[in-house]
Amino acid sequence: MAIQFKIIDHVAVITLDAQPSNNTLTVSDLMHLRKTLAACQDDEQVRVIVLTGAGERAFCCGANHKDALLPAAGHVAGSMKSRETEAEEGGYTRLFDLSDLEIWKPVIAAVNGACLGAGLELALQCDLRIATANATFGLPEVRDATIPAAGGVQYLVRAVPAAHAMKMALTGEPINAEEALRIGLIIDLLPPDRLMPVALDLAERIAANGPLAVQSIKRLALQTAHMTPRDFVTQAHLHWGLLRDSKDHAEGRVALNEKRSPKYTGA
Numbered sequence: 168m169a170i171q172f173k174i175i176d177h178v179a180v181i182t183l184d185a186q187p188s189n190n191t192l193t194v195s196d197l198m199h200l201r202k203t204l205a206a207c208q209d210d211e212q213v214r215v216i217v218l219t220g221a222g223e224r225a226f227c228c229g230a231n232h233k234d235a236l237l238p239a240a241g242h243v244a245g246s247m248k249s250r251e252t253e254a255e256e257g258g259y260t261r262l263f264d265l266s267d268l269e270i271w272k273p274v275i276a277a278v279n280g281a282c283l284g285a286g287l288e289l290a291l292q293c294d295l296r297i298a299t300a301n302a303t304f305g306l307p308e309v310r311d312a313t314i315p316a317a318g319g320v321q322y323l324v325r326a327v328p329a330a331h332a333m334k335m336a337l338t339g340e341p342i343n344a345e346e347a348l349r350i351g352l353i354i355d356l357l358p359p360d361r362l363m364p365v366a367l368d369l370a371e372r373i374a375a376n377g378p379l380a381v382q383s384i385k386r387l388a389l390q391t392a393h394m395t396p397r398d399f400v401t402q403a404h405l406h407w408g409l410l411r412d413s414k415d416h417a418e419g420r421v422a423l424n425e426k427r428s429p430k431y432t433g434a
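Last residue of the sequence shown: 434 (the numbering used here), numbering continuous.
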């Protein structure tokens, strides 16, 4: 299977494992990935997700066209159908868009090697990105006279300064890991043997916090970025009020008074 999955304590590790094709994903792989992510959101044991690629050559280089079908219907007709139905008829691109899954648990991309095209679109939908020194990042679609179909340009403009994003998108040229660190696309640059240990340590530190508070922070960050201060403060206060009466918040206050680590349950 190209999608490997395991849970370590409260951290789910999803590995894209199609090494002969630089971890490109078929339609069935993408459907499996989407189902796995949805299951992680609903599993109370999982508090943080780490997404990585098998081997050292690639994180993900987008879609595997080996088994791709020509779309059975025109683009407009396909886009009116569910992602799954459209994919079964040959229109796979919307499967790379994870926004409909509403994954509020933090996702960390541990990038090992090439992260190109729709692979970068996947990484851009993660909340934090770390990478090895041999990683490369790019949206090469313009070179084939097309564009990133899953929001890659828009995500990139939100992730790094606009001039850097536009240079990448308009030239189609990849950047190396040092440049990605310099412009803020990744937050850490690591040797290959340190990538997963650092990713898991970061995930565990996040998972040690109140699970509902962590998800609320991500939800507010994504859903209120377009709002005016008056509106986003209102939403923040609403979430604060919902969490105020939670068992975890009470546990946090008791643990602070007792000078011990809190034991959160997500309730």
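Heads up, the beta-carbon is just placed ideally off N, CA and C, and yes, glycines get one too.
In the structure shown, what three-state DSSP assignment does residue i receive?
i       : result
Cys-207 : helix
Leu-471 : What is shown of the chain runs 168 to 434, which leaves residue 471 out entirely.
Thr-401 : helix
Gly-241 : coil
Leu-423 : helix
Asp-355 : strand
Ala-221 : coil
Ala-230 : strand
My assumption, with CB atoms under 8 angstroms, is that residue i sits in contact with residue j. Please give the rounded CB distance.
i       : j       : result
His-177 : Gln-212 : 6 angstroms
Ile-170 : Thr-203 : 6 angstroms
Lys-272 : Arg-214 : 6 angstroms
Tyr-143 : Glu-288 : Lying before the first or after the last residue shown, residue 143 is absent from the chain, which here runs from 168 to 434.
Cys-227 : Gly-286 : 3 angstroms
Val-327 : Leu-352 : 5 angstroms
Ala-120 : Ala-370 : With the chain covering 168 to 434 only, the question about residue 120 has no answer from this structure.
Are the CB atoms of residue i and residue j nearer to each other than 8 angstroms?
i       : j       : result
Leu-262 : Val-217 : no
Ile-277 : Thr-219 : The amino acid occupying residue 277 in the given sequence is Ala; Ile does not appear at that position. Their beta carbons are under 8 angstroms apart, which means Ala-277 touches Thr-219 by this criterion.
Phe-304 : Pro-358 : no
Ala-336 : Leu-306 : yes
Gly-377 : Gly-419 : yes
Ala-281 : Leu-356 : no
Ala-462 : Ile-270 : It is not possible to answer for residue 462, since the shown part of the chain is limited to 168 through 434.
His-406 : Leu-389 : no
Ala-221 : Leu-268 : no
What is the rounded straight-line gap between the Cα of residue i and the Cα of residue j?
i       : j       : result
Arg-224 : Leu-283 : 12 angstroms
Leu-410 : Val-309 : 45 angstroms
Leu-348 : Gly-258 : 34 angstroms
Ile-373 : Gly-241 : 44 angstroms
Cys-293 : Leu-265 : 10 angstroms
Ala-254 : His-416 : 43 angstroms
Ile-384 : Glu-251 : 30 angstroms
Pro-396 : Ser-188 : 46 angstroms
Asn-231 : Asp-311 : 16 angstroms
Ala-205 : Leu-423 : 34 angstroms
His-404 : Lys-414 : 18 angstroms
Gln-382 : Thr-260 : 27 angstroms
Met-363 : Ala-244 : 42 angstroms
Arg-361 : Ala-316 : 33 angstroms
Asp-196 : Arg-427 : 43 angstroms
Going by the C-beta, is residue i closer than 7 angstroms to any heavy atom of the ligand COA?
i       : result
Ala-388 : What this structure holds is no ligand at all, so the ligand COA is not there to describe.
Where in the region 253 to 317 do unbroken runs of the beta strand (DSSP E), each at least 3 residues long, occur, reported from the N-terminal end onward?
274 to 278, 281 to 283, 295 to 299, 303 to 305
Beta strand (DSSP E) runs wholly inside the region 169 to 214, at least 3 long, in chain order:
170 to 175, 178 to 183
Considering only residues of the region 315 to 343, which uninterrupted alpha helix (DSSP H) runs meet the minimum length of 4 residues and lie entirely inside it, listed in chain order?
319 to 326, 329 to 338
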